[in-house]
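Following: one structure in structure tokens, then a few remarks.
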């Protein structure tokens, strides 16, 4: 993402200006980015059941209703 690139560029600039260890800074940066990526993935995973409920209901409910209603209709029409 663009924010990640900006953070990385800032990290490089600050390491150069302050003379700090780049490897330590990169380790912390990579841990933070990994944590952000995992958090985003978890958020998307938690939202998935709610997003799937409508399509699943629309696809499965008619079939369940047909399985329940068609035998009743067949029995009613067969006796007449």
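In the numbering used here, the protein residues as written are 567 to 646.
Every residue, glycine too, gets a C-beta built ideally from N, C-alpha and C.
As assigned by DSSP and simplified to three states, the class of residue i
i           : result
residue 537 : As shown, the chain starts at 567 and ends at 646. That puts residue 537 outside it, with no answer to give.
residue 645 : coil
Proximity test, residue i beta-carbon vs the ligand SAM heavy atom, cut-off 7 Å
i           : result
residue 637 : Among the ligands in the structure shown, none appear at all, so the ligand SAM cannot be discussed.
Run of the alpha helix (DSSP H) containing residue i, from where it starts to where it stops
i           : result
residue 567 : Note, residue 567: premise wrong, no alpha helix (DSSP H); not H, not E.
Of the listed residues the options, nearest to residue i (C-alpha basis)
i           : options            : result
residue 594 : 628, 604, 574, 630 : 574
Nonlocal neighbours in the same chain, by C-beta distance under 8 Å from residue i, ignoring five residues either side
i           : result
residue 580 : 586, 591
Chain-order list of residues whose beta-carbon lies under 7 Å from that of residue i (same chain, five-residue window excluded)
i           : result
residue 570 : 599
residue 584 : none
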